[in-house]
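Okay, so here's the structure we're looking at.
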Amino acid sequence: MTAVAMPSPVRIGLSRGSLELKAFFREREAVVFSLGMPVILLLIFGTIFKGEVGHTGVDFRQYFAAGIIASGIMSTTFVSLGVAIAQERDDGTLKRLYGTPMPKAAYFIGKTIAALVLSALETVLLFALGHLLFGLKPPSTPERWLTFAWVFVGGVTVCTLLGIAISSVPRSGRSAAAVLNVPYLVLQFISGVYFTFGDLPSGVQQAGALFPLKWISQGLRSALLPDTLLAAEPAHAWEHGRTALVLAAWGVAGLVLCLTTFRWKRRRDG
1489 MTAVAMPSPV
1499 RIGLSRGSLE
1509 LKAFFREREA
1519 VVFSLGMPVI
1529 LLLIFGTIFK
1539 GEVGHTGVDF
1549 RQYFAAGIIA
1559 SGIMSTTFVS
1569 LGVAIAQERD
1579 DGTLKRLYGT
1589 PMPKAAYFIG
1599 KTIAALVLSA
1609 LETVLLFALG
1619 HLLFGLKPPS
1629 TPERWLTFAW
1639 VFVGGVTVCT
1649 LLGIAISSVP
1659 RSGRSAAAVL
1669 NVPYLVLQFI
1679 SGVYFTFGDL
1689 PSGVQQAGAL
1699 FPLKWISQGL
1709 RSALLPDTLL
1719 AAEPAHAWEH
1729 GRTALVLAAW
1739 GVAGLVLCLT
1749 TFRWKRRRDG
């Protein structure tokens, strides 16, 4: 009798990615908090904050829109992914999947595909609103498009790895949203999302510069906003090399944390 070969992990992962997306859009609460919350914040703060960033000629609402796009990427990866995995561990889904012949890599491929698609959707949605309401313009040159692309992919990759890693921190699926939203909220305030980064106290700037959200926000500003804004940036430069190094370092750290801390079972299951 001829043995039937198992599909490759990539093929199974692609199928799981489609399944993950279908399950996500069936959960209205997940859609609202992951995709809807950054949109709501963009609309609210965009109507409150007005004026120019220093003497750069850049509307603060455009500055804020670029930052909220970065925040949206973190919402659909770090927060949404971390909460979903914690809940799946708590309700026994991960334990059941662990006992199946499915390659373990296929699970993470599926999660990554879903995170990438949702991040792209969130980015398009936020940019469209920023363009219609605040005049945010797409990258004006091929070089800026390239910058936008690698910052987006790097940001999604890093935040996805960190979301998988931090999913092991909450004690239960019910507490996951509260646990993960605390660092997400803090990082938004210290990373130049709601306020011009150069106007933050120096200690806050130093703390924010340790984490990827600040660099994702700065990278997206460099692709979407004119170079006149450099006068308001603390280094007076876009620091693309440093942005790439920070994202790479966090990517390595996130991968190590995933490999060393990820659990398929609840703590009480041993």
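Using this note's numbering, the first residue of the sequence shown is number 1489, and each one after it goes up by one.
Even for Gly, the Cβ is constructed at its ideal location relative to N, Cα and C.
- Per the coordinates, the alpha-carbon of residue 1744 lies some 12 angstroms from the alpha-carbon of residue 1654.
- Apart from sequence neighbours up to five positions away, the residues of its chain that approach residue 1556 with a beta-carbon distance below 7 angstroms are 1526, 1529, 1530, 1614, 1681, ordered along the chain.
- In the structure shown, the three-state DSSP call for residue 1579 is coil.
- In terms of CA proximity to residue 1721, 1693 leads the group 1603, 1735, 1693.
- Shortest Cα-Cα distance from residue 1647 to any of 1548, 1567, 1632, 1546 involves 1567.
- Taking C-alpha positions only, residue 1558 is separated from residue 1750 by approximately 26 angstroms.
- Taking C-beta atoms under 8 angstroms as the contact rule, residue 1622 and residue 1550 qualify, at a distance of about 5 angstroms.
- Residue 1631 sits in a helix when the DSSP states are folded into three classes.
- Listed as beta-bridge partners of residue 1540 by DSSP are 1547.
- Contact between residue 1544 and residue 1719 is confirmed by a C-beta separation of about 5 angstroms, below the 8 angstroms threshold.
- Distance between residue 1709 and residue 1737, taken at the CA atoms: about 21 angstroms.
- Annotated as proximal: residue 1570 and residue 1664, with beta-carbon spacing under 8 angstroms.
- Relative to residue 1607, the option among 1730, 1519, 1724, 1501 whose CA is nearest is 1519.
- Residue burial annotation: residue 1582 is buried, with at least 16 other C-beta atoms found within 10 angstroms of its C-beta.
- Burial is judged here by how many other beta carbons sit within 10 angstroms of a residue's own beta carbon; residue 1688 has at least 16 and is buried.
- The residue from 1716, 1733, 1499, 1669 with its alpha-carbon nearest to that of residue 1595 is 1499.
- In the three-state scheme derived from DSSP, where H, G and I count as helix and E and B as strand, residue 1658 is classed as coil.
- Taking a C-beta distance under 8 angstroms as the contact criterion, residue 1618 and residue 1700 do not qualify as a contact pair.
- Rounded to whole angstroms, the gap between the alpha carbons of residue 1637 and residue 1630 is 10 angstroms.
- Straight-line measurement puts the Cα of residue 1610 at about 16 angstroms from the Cα of residue 1624.
- For residue 1640, the closest C-alpha among the options 1513, 1564, 1577 is that of 1564.
- Residue 1524 and residue 1742 have their C-alpha atoms spaced approximately 26 angstroms apart.
- DSSP places residue 1586 within a helical segment (H, G or I) once states are collapsed to three.
- DSSP, reduced to helix, strand and coil, places residue 1626 outside both helices and strands of the structure shown, so it counts as coil.
- Closest in alpha carbon position to residue 1713, among 1577, 1632, 1602, 1579, is 1632.
- In this structure, residue 1661 sits near residue 1578, with a CB-CB distance shorter than 8 angstroms.
- Cα atoms of residue 1534 and residue 1748: separation of roughly 41 angstroms, rounded to the nearest angstrom.
- When the Cα atoms are used, residue 1508 and residue 1542 turn out to be separated by approximately 44 angstroms.
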